Amino acid sequence: MMLSSKFVKLSVLAGIVIIFSVILFGYLFFEPYITEEEITITVINKEKFGNEYGKYFIFTLNEVFTNSDNYYHNKSNANKLYPHFIPGAEYKVKVVGIYLPFLPKFRNILSIKSINGIKFTEL
37 MMLSSKFVKL SVLAGIVIIF SVILFGYLFF EPYITEEEIT ITVINKEKFG
87 NEYGKYFIFT LNEVFTNSDN YYHNKSNANK LYPHFIPGAE YKVKVVGIYL
137 PFLPKFRNIL SIKSINGIKF TEL
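Positions in the sequence shown are counted from 1; adding 36 to them yields the working numbering.
Printed below as a string of structure tokens:
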């Protein structure tokens, strides 16, 4: 029995789509474990993202970060962290994600470790 070339092409295409989907969702699930790091930032400005609930931008000298609730990052405290960001202050924060300057994808701030060298404990 011979397989038709249309069936083979369809099978190869389905296989590629399945492999790409597994890689994409695997990355989303494991991103916090792969890319999480603690860095020091100095805040220049902060802004709310339109009328969207739980999404904020934090502007620094070298990079723009988001402070947003994210299921894959197991984060739901963006509204509690946002008031603690003060322009001119230096923060040690835990961030997750990859910053690519040519893509509109920003790293997400998961938590604040210290403000101006003073250990931060969330209320």
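We treat Cβ as the ideally placed atom computed from N, Cα and C, and that holds for glycine. On a predicted model such as this, the values are computed, not experimentally measured, just so you know.
Q) Alpha carbon to alpha carbon, what distance is there between alanine 114 and leucine 146? A) As a first step, residue 146 must be located in the sequence shown, where it is residue number 110. As a first step, residue 114 must be located in the sequence shown, where it is residue number 78. Those two C-alpha atoms are separated by around 8 Å.
Q. What does a CB cutoff of less than 8 Å around lysine 91 pick up in its chain, not counting 5 residues either side in sequence?
A. By 1-based counting over the sequence shown, the position of residue 91 is 55. Excluding residues within five positions, the ones whose Cβ falls inside 8 Å are Lys84, Phe85, Thr102, Asn103, Ser104, Asp105, Ala114.
Q | Simplified DSSP assignment, three categories, for serine 40 | A | Stepping through the sequence shown from its first residue, residue 40 is reached at position 4. Reduced to three states, the DSSP call for serine 40 is coil.
Q. Mind checking glutamate 127: buried by the 16 CB within 10 Å criterion, or exposed?
A. Along the sequence shown, one-based indexing puts residue 127 at 91. Before going further, note that residue 127 is tyrosine rather than glutamate in the sequence given. So tyrosine 127 counts as buried.
Q. How about serine 133 and glutamate 67: do their beta carbons lie closer than 8 Å?
A. Indexing the sequence shown from 1 puts residue 133 at position 97. Indexing the sequence shown from 1 puts residue 67 at position 31. A small fix is needed here, since residue 133 is glycine in this sequence, not serine. Cβ distance < 8 Å, so glycine 133 and glutamate 67 count as in contact.
Q: Kindly identify the DSSP beta-bridge partner or partners of glutamate 83.
A: To locate residue 83, count along the sequence shown from 1; it is residue 47. Note: glutamate 83 sits in a beta bridge opposite Phe93.
Q) How is histidine 109 classed by DSSP in three states: helix, strand or coil? A) The count along the sequence shown starts at 1 and reaches residue 109 at position 73. Here histidine 109 sits in coil by DSSP.
Q: Check whether the Cβ atoms of lysine 130 and glutamate 72 sit closer than 8 Å, and answer yes or no.
A: For the purposes of this step, residue 130 is taken as residue 94 along the sequence shown, with counting starting at 1. For the purposes of this step, residue 72 is taken as residue 36 along the sequence shown, with counting starting at 1. In this structure, glutamate 72 lies closer than 8 Å to lysine 130 by Cβ.
Q) Based on Cα-Cα distance, which residue from Leu136, Tyr135, Leu139, His120 lies nearest to threonine 78? A) The residue labelled residue 78 in the question sits at position 42 within the sequence shown. For threonine 78, the nearest C-alpha among the options comes from His120.
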